[in-house]
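Enquirer: What follows is a single structure, and I will ask about it in a moment.
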Amino acid sequence: MSTYRTVGKPIARVEGVHKVTGRSVYTADIQLPAMLHCKLLHSPHAHARIKGIDTTKARVLEGVERVVTAADLPKFEPRRMSNRAYNLLADGEVIFHGQPVAAVLARDAATAEEALELIEVEYEELPTVLDPIEAMREDAPLARRPVSEIDRAEARGHATVEVEEKASERPSNVASQVKFTRGDIEQGFAEADVVIERTWRSAIVHQGYIEPHATVADYDAASGELTIWTGTQGQFFVRDQVSNILRIPETKIRVIGLELGGGFGGKISLNQPLVAVLARMVGRPVKLVFTRSDDLTSATPSPQCVVELKTGMKKDGSLTAIKAKIVYDSGAFPGAPAAVGAILIGGSYNFPNLEIESYEVLTNKVSVGAYRAPGAHNVAFAIESQLDMMARELERDPLEVRLKNAVGKGDEMPSKARYPSIGLKECLEAIRDTEVWKSRGQQREASLPIRQAAGKPATTGKLRGVGMAAGGWGGGLQPASAHVELNGDGTITVVVGANDITGTNTSFAQIAAEELNVPLEMVNVVTGDTRTAPFAGMTGGSKTVFTVGRAVKAAAEDVRQQLFAIAAERLEANPEDDLESVDGEIRVKGSPDKSISFRRLAGITTGFGAPYAPVIGRGAISARQQAPGFTAQAAEVEVDPETGEVTVLRWATAQDAGFAINPLSVAGQMQGGTTQGMGIALWEEMVYDEHGRLLNPGLLDYRMPTALDVPEIETHIVEVPSEEGPYGARGVGEPSIVPGPAVISNAIEDAIGVRVTEVPITPERILRALGKI
Amino acid sequence: MATAQKRVVHYTVNGRPYEAYIEPNRTLLEVVRDELRLTGAKEGCGTGDCGACSMIVNGRLVTSCLMLAPQADGAEITTIEGLAQDSRLHPVQQAFIEKGAVQCGFCIPGMILAGKALLDRNPHPTEREIREAIAGNLCRCTGYTKMVEAIAAAAEATT
Ligand code: FES
Ligand code: FES
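As given, the protein sequences belong to chains A and B, one line each in that order.
Heads up: the first sequence begins at 1 in this note's numbering, then just goes up one per residue.
Heads up: the second sequence begins at 1 in this note's numbering, then just goes up one per residue.
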């Protein structure tokens with residue numbers, strides 16, 4: 001059992017107090033002297049040629065400072081244009097509904113809004129491709145001018161995938177494709193006792209962060225310095241991107257990552273380059289805050305996906321083969337996770353034979369981005385539903401079937417990489433022991449005789465069912481660094497460059513306190529901006545504690561060694577064997593009277609005339625070994641076959657955290673992701689009309705789960721240590737969102753005996769599956 | 001906004017008198033954030049669907065993005081900035097920290113005010129009543145479980 005003193009304990013967030021008193025500063029709260037407010041004109045068409053833009057009327061409106069179109073902006077090499085970041089404003093052609101076409105700068109937001117209506121754009125509508133399957137046909141019109149080279153800098157931050165997607169050679173809407181094979185697929189199906197083939201569809205969903213995108217930028221022409229205040233998951237990413245686009249050296253750019261009102265992968269960089277360009281044009285601060293409708297229409301949601309899946313199983317429950325064709329609708333720019341999806345669909349269970357193809361297809365819809373385990377829920381819905389269907393045919397327990405085939409350390413992924421230590425089986429076992437799962441079948445059996453006696457068919461009256469599913473996420477890798485310093489009073493400051501969203505700084509404080517064996521209260525963690533902080537990758541890919549935490553640990557160890565060296569000299573002891581750090585003192589083991597306090601050590605390393613160098617620990621790590629995180633979840637639902645209404649009654653989530661540095665925040669992550677999975681399963685969908693226009697750009701119609709929609713979520717933290725993570729920790733942010741759609745789909749089938757193959761599973765889809773409409 | 005006739009409005013916000021000279025079509029949320037510079041209340045949607053802008057106006061929880069500023073003229077308003085007394089957090093604030101109910105924090109001001117408004121009228125709510133009271137406040141980070149626990153714990157702590 002662990003002998004740790006601080007890590008592994010549930011700790012309330014050290015910085016939580018600012019968030020409960022309203023003192024935390026988010027980007028929209030920033031107000032600067034002479035600041036201009038920006039609003040964007042979004043394209044009303046999904047695909048059209050821009051024949052002309054007349055800004056005359058808008059420009060003369062009182063309070064308007066500037067109206068900007070692509071004609072006023074810098075131009076980039078054609079190969080850059082495959083990257084949405086370089087498409088600051090649409091130039092000559094719009095390729096999705098909501099694409100920014102013009103920007104207004106005015107003295108206040110209302111005036112800017114008013115001016116938008118005075119901009120006259122002449123469009124010539126072009127044929128649209130909206131359905132990704134149709135877009136793949138040889139004769140399909142092109143969604144956009146062909147993409148030559150594809151810039152994937154951002155997508156790489158979330159998942160480290162060691163395969164190269166193959167870019168298409170011929171002009172087509174297929175931006176990339178990947179194929180994995182293993183064994184003999186035909187032979188595999190021949191050996192199977194049951195083969196199931198279905199097509200699974202999942203909708204475009206939005207990350208749904210409650211804070212819409214916001215950025216403030218200021219440019220000082222005299223010094224050439226650009227400052228950006230923004231909510232981002234990756235301030236260094238923003239700095240690098242803005243530097244490339246504006247051609248300003250990074251020494252002149254300061255990105256201040258403010259408090260972030262939720263990101264989930266969707267807040268890396270979006271408007272930051274444009275706002276920076278605008279600030280440079282006017283030499284004044286510019287603020288752009290998206291409305292909810294702007295955000296739903298033109299940010300970067302999670303892709304629609306179609307999975308054609310064929311799987312085989314033997315009577316004894318062992319899997320024989322998987323054949324899958326996965327199509328992600330990437331929208332108007334590349335960025336959909338085709339390779340990740342291909343690995344995940346065949347990655348949780350050992351299939352002796354496999355053939356998996358995955359495509360990233362361009363259409364005239366908003367381009368997609370990352371959303372918590374990007375691409376994973378789409379494929380998990382397919383495979384985890386189909387596992388249940390095969391188990392049902394063979395009258396086997398669906399959880400035992402999973403256990404029998406689950407991957408473990410050393411097993412091969414479809415990409416041929418081998419798993420390091422993982423905890424899928426342990427998660428499944430944890431779910432097997434939950435009350436939710438153990439109650440499976442009881443409801444049904446209890447109610448069945450009563451129903452039969454009453455002569456009622458199985459499709460009247462509310463019916464309950466229990467379902468389960470699993471899922472995983474490989475996790476991102478990125479180098480990271482941190483500083484740990486001894487302050488003048490003997491307290492400790494940790495400096496990192498990773499933007500804290502959910503309490504990672506508390507985990508860093510725990511790590512530093514653990515390594516130095518000091519009370520948590522002695523440690524303060526600061527997130528610096530890009531001008532002051534040591535480098536860290538974006539807060540994404542479930543890797544912040546996993547990588548930056550390791551850097552903090554290394555920096556704290558460095559501090560301990562420096563303190564020991566000084567103390568050893570002062571106390572005339574041998575640094576290797578004799579010293580220990582206890583409660584803010586370095587002591588000689590066995591002789592507690594021979595000690596020197598951190599405060600005294602600070603004095604002799606920082607004071608006037610002090611003899612020793614300041615104590616500054618440095619931690620810089622490379623990250624090479626992924627630590628995939630798995631989860632298994634079970635839920636009980638109640639379905640009303642008259643209305644198709646589904647109520648989620650109970651939910652249990654088990655997840656392998658490797659080692660939970662702060663179990664309180666690990667549980668919070670698990671509950672949050674689980675709830676998002678429920679949202680995908682039951683309610684959320686961005687709906688487009690036949691012209692490619694978003695029909696529900698508001699939170700009334702884009703329906704996210706409320707406190708009344710979801711039950712209490714019970715959490716079971718599983719700890720199978722990772723090889724590289726601090727104390728064995730692995731990434732925890734992403735996995736919990738993955739199984740939701742399959743859990744619900746399986747529970748619904750358990751309740752009413754029909755299978756819905758498309759999420760969200762709306763009442764209408766249930767009634768259709770029941771043959772009632 | 002060039003045209004609308006400006007007018008003066010008076011509020012008592014967190015016990016202090018405020019006055020603002022504003023266009024009458026501005027919302028209470030805009031005036032409190034932009035004119036009074038109390039930015040604890042957030043805008044998550046502007047259409048009354050997320051609750052991030054919640055304030056307590058004359059004892060009732062309102063979504064201030066839907067209320068026109070003049071409608072609240074003369075009102076007693078509590079925003080998140082007014083909950084803590086000196087250095088003492090309100091029990092709901094305290095419980096949110098202790099129970100780990102705070103992640104990104106954007107929904108938190110509205111959520112805590114919703115919790116406080118509930119406990120003011122119903123000091124011993126059931127889990128169901130807590131969920132109903134915060135159903136107009138969306139949180140995307142937490143899945144609500146820890147928030148419900150926090151409000152229940154605050155109810156215990158106050159009795
Ligand atoms: S901002 Fe007022 S309810 Fe969303
Ligand atoms: S804590 Fe992020 S939205 Fe609630």
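For each residue, glycine too, the CB sits at the ideal point set by N, CA and C.
Helix, strand or coil: which one does DSSP assign to C107/B?
Expert: Here C107/B carries a coil assignment [DSSP, helix/strand/coil].
Enquirer: Determine, using beta-carbon pairs with one atom in the stretch 258-272 of chain A and one in the stretch 187-197 of chain A, whether at least three such pairs fall under 8 Å.
Expert: Because the criterion of three Cβ pairs below 8 Å is not met, the stretch 258-272 of chain A and the stretch 187-197 of chain A do not touch.
Enquirer: Any C-beta of chain B sitting closer than 8 Å to the C-beta of A259/A?
Expert: The sequence given here has Glu at residue 259/A, not Ala. Chain B, which has a Cβ nearer than 8 Å to the Cβ of E259/A, makes this yes.
Enquirer: Give me the subset of the stretch 690-713 of chain A whose CB atoms are less than 7 Å from a CB atom of chain B, sorted by chain position.
Expert: G698, L699, L700, M704, T706, A707, L708, V710, E712 and I713
Enquirer: Return no unless some Cβ of chain B is closer than 8 Å to the Cβ of E734/A.
Expert: no
Enquirer: Is there contact between the stretch 261-279 of chain A and the stretch 343-355 of chain A, where contact requires at least three CB pairs shorter than 8 Å?
Expert: The stretch 261-279 of chain A vs the stretch 343-355 of chain A: no contact.
Enquirer: Give me the Cα-Cα distance between A109/A and H691/A, rounded to the nearest whole angstrom.
Expert: 30 Å
Enquirer: Can a CB atom of chain A be found closer than 8 Å to the CB of A52/B?
Expert: yes
Enquirer: Spatial neighbours of V379/A within its chain, please: C-beta separation below 7 Å, excluding the five flanking residues on both sides.
Expert: V307, I326, G341, L344 and I345
Enquirer: In whole angstroms, give me the CA-to-CA distance for S43/A and L463/A.
Expert: 46 Å
Enquirer: Relative to the C-alpha of G113/B, which residue among M147/B, A72/B and K6/B is closest?
Expert: The question names Gly, but residue 113/B is Leu in the sequence shown. Among M147/B, A72/B and K6/B, the Cα nearest to that of L113/B belongs to M147/B.
Enquirer: Tell me the DSSP secondary structure of M413/A in three-state form.
Expert: coil
Enquirer: For chain B, check one thing: does any of its Cβ atoms lie closer than 8 Å to the Cβ of I604/A?
Expert: no
Enquirer: So with Cβ pairs under 8 Å, would you call G44/B a contact of chain A?
Expert: yes
Enquirer: By Cβ distance, which residues of its chain are closer than 6 Å to G803/A, with the 5 residues on each side in sequence left out?
Expert: Any answer about residue 803/A is impossible in this case: the structure gives chain A only from 1 up to 773.
Enquirer: Let me confirm a value: N173/A is counted as buried when at least 16 other C-beta atoms fall within 10 Å, else exposed. Which label applies?
Expert: buried
Enquirer: So, with DSSP's three-state summary, where would you put K57/A?
Expert: Helix, per DSSP.
Enquirer: Would you check if the distance between the CB atom of D686/A and the CB atom of I204/A is smaller than 8 Å?
Expert: Here residue 686/A turns out to be Met, not Asp, going by the sequence shown. Cβ atoms of M686/A and I204/A: closer than 8 Å.
Enquirer: Using the beta-carbon of each residue, which ones in chain A are nearer than 7 Å to D49/B?
Expert: Chain A residues near D49/B: G698, L699 and L700.
Enquirer: So, R599/A versus G490/A, is the Cβ gap smaller than 8 Å?
Expert: Annotated as proximal: R599/A and G490/A, with beta-carbon spacing under 8 Å.
Enquirer: Rounded to the nearest angstrom, what separates A34/A and P285/A at their Cα positions?
Expert: 7 Å
Enquirer: Are the C-beta of S81/B and some C-beta of chain A separated by less than 8 Å?
Expert: The question names Ser, but residue 81/B in the sequence shown is Glu. Interface residue, yes.
Enquirer: Give the straight-line distance between the Cα atoms of K543/A and I228/A, rounded to the nearest whole angstrom.
Expert: 25 Å
Enquirer: Tell me, please, whether the CB atom of E98/B is closer than 8 Å to any CB atom in chain A?
Expert: Chain A has a Cβ within less than 8 Å of the Cβ of E98/B.
Enquirer: Quick check on L61/B - is its C-beta less than 8 Å from some C-beta in chain A?
Expert: No, no contact with chain A.
Enquirer: Between which two residues does the alpha helix (DSSP H) containing E114/A stretch?
Expert: A109 to L116
Enquirer: When you check each C-beta in the stretch 135-149 of chain B against every C-beta of chain A, which residues fall closer than 8 Å?
Expert: A135, G136, N137, L138, C139, R140, C141, T142, G143, Y144, T145, K146, M147 and V148
Enquirer: Would a C-beta distance cut-off of 8 Å place L38/B and V62/B closer than the cut-off?
Expert: no
Enquirer: Can you grab the Cα-Cα spacing for the pair A498/A / G725/A, in whole Å?
Expert: 17 Å
Enquirer: Tell me whether T674/A counts as near ligand 2, meaning its Cβ is closer than 7 Å to at least one heavy atom of that ligand.
Expert: Distances taken from the Cβ of T674/A to the heavy atoms of ligand 2 include none shorter than 7 Å.
Enquirer: Under 8 Å, Cβ to Cβ, is there at least one residue of chain B near S358/A?
Expert: Not closer than 8 Å to any Cβ of chain B, the Cβ of S358/A fails to qualify, so no.
Enquirer: Label G503/A either buried or exposed according to how many other C-beta atoms from any shown protein chain fall within 10 Å of its C-beta, with 16 as the threshold for buried.
Expert: So G503/A counts as buried.
Enquirer: Per DSSP, I782/A is paired with what?
Expert: Because chain A is modelled from 1 through 773, residue 782/A falls outside the range shown and cannot be assessed.
Enquirer: With DSSP as the reference, please indicate the residues paired to C305/A in a beta bridge.
Expert: S202/A and Y328/A
Enquirer: Please confirm if G105/B has its CB atom under 8 Å from at least one CB of chain A.
Expert: With 8 Å as the cut-off, G105/B counts as an interface residue toward chain A.
Enquirer: Any heavy atom of ligand 2 closer than 7 Å to the Cβ of T111/A?
Expert: no
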